[in-house]
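Working notes for the structure below.
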DNA sequence: CACCGTGTTGCCCATCTACTGCTACAAATA
DNA sequence: TATTTGTAGCAGTAGATGGGCAACACGGTG
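Chains as they are written, first to last, in our numbering: chain A, 975 to 1083; chain B, 975 to 1083.
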């Protein structure tokens, strides 16, 4: 029961799909999809970025949310980090309260 | 002439090491290290996180700086993102000027 | 009960990444 | 000139990544 898995299952149920229906839509086998939802992947611990992309698309989910739940950094964030590395290094050192305040300020302006 | 490569070469020169000296210290072959410094890795793959770790250690360099130059997200930043995903999603949408301002504020408090 | 659709599991496998290891050669150094 | 240093090509590979297949379990339905 990984975090992504749980969310994917929710999205799938909302769409009313079964594992065997959804699997071919996103180009994987139904058994693999089952393992993804239950966090039972034998080797790696999270689905690939491209699979998450197709899942988000097919299930009308938030791709970046799913990526983050799968402990993968969304490219939208990663690219920004590579563009402004110093800023994100200092931001990453902030505590939770500070970060919330800064994010709130960012939303206002 | 990749960004990491250039920085690694600087650090190595400062320490006065040759490629053949440094390579065994970080556990790789000298020819591979040469390609890393010159960005001549096949199909533009970057040096592994663990190699960069050993290089930073041996050359007294800033590990996170090297990681970022190698277009890898340092774990120190990645973990913080997974802890505060919403905050970083909004921060990543800020423009350069906003980010600089926010980082400056963060440093003050 | 028999059946069927659904989900679950164990084992197997192809591809890719990050290298190794060797060779040869050019340029710098002494 | 002799030795050291850096460059470059190329074949090969262990381990991680990203899956597939077949069988099995289980609950609802006729």
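Every residue, glycine too, gets a C-beta built ideally from N, C-alpha and C.
In summary, residue 1016 (chain B) is exposed, with fewer than 16 beta-carbon neighbours lying within 10 Å of its beta-carbon over all protein chains present.
Sequence-ordered contacts of the region 1056-1075 of chain B with chain A read 1056, 1057, 1058, 1059, 1060, 1061, 1062, 1063, 1064, 1065, 1066, 1067, 1068, 1070, 1072, 1073, 1074 [C-beta pairs closer than 8 Å]. Residue 1044 (chain A) is positioned such that its CB atom lies no closer than 9 Å to that of residue 1076 (chain B). The beta-carbon of residue 1021 (chain A) is placed no less than 9 Å from the nearest beta-carbon of chain B. Any Cβ of chain B closer than 9 Å to the Cβ of residue 1079 (chain A) would place that residue at the interface, and such an atom is present. Scanning B:982, B:1038, B:995, B:1051 for the CA closest to the CA of residue 1069 (chain A) turns up B:1051. In this structure residue 1040 (chain B) is in contact with residue 1030 (chain B), their Cβ atoms being roughly 5 Å apart against a cut-off of 8 Å. Closer than 9 Å at the C-beta level to chain A, one finds these residues of the region 1032-1051 of chain B: 1038, 1039, 1042, 1043, 1045, 1047, 1048, 1050, 1051. In chain order, 1066 make up the part of chain B whose C-beta sits under 7 Å from the C-beta of residue 1054 (chain A). The shortest C-alpha to C-alpha distance from residue 1022 (chain B) to any of B:1072, B:978, B:1080, B:1065 is the one to B:978.
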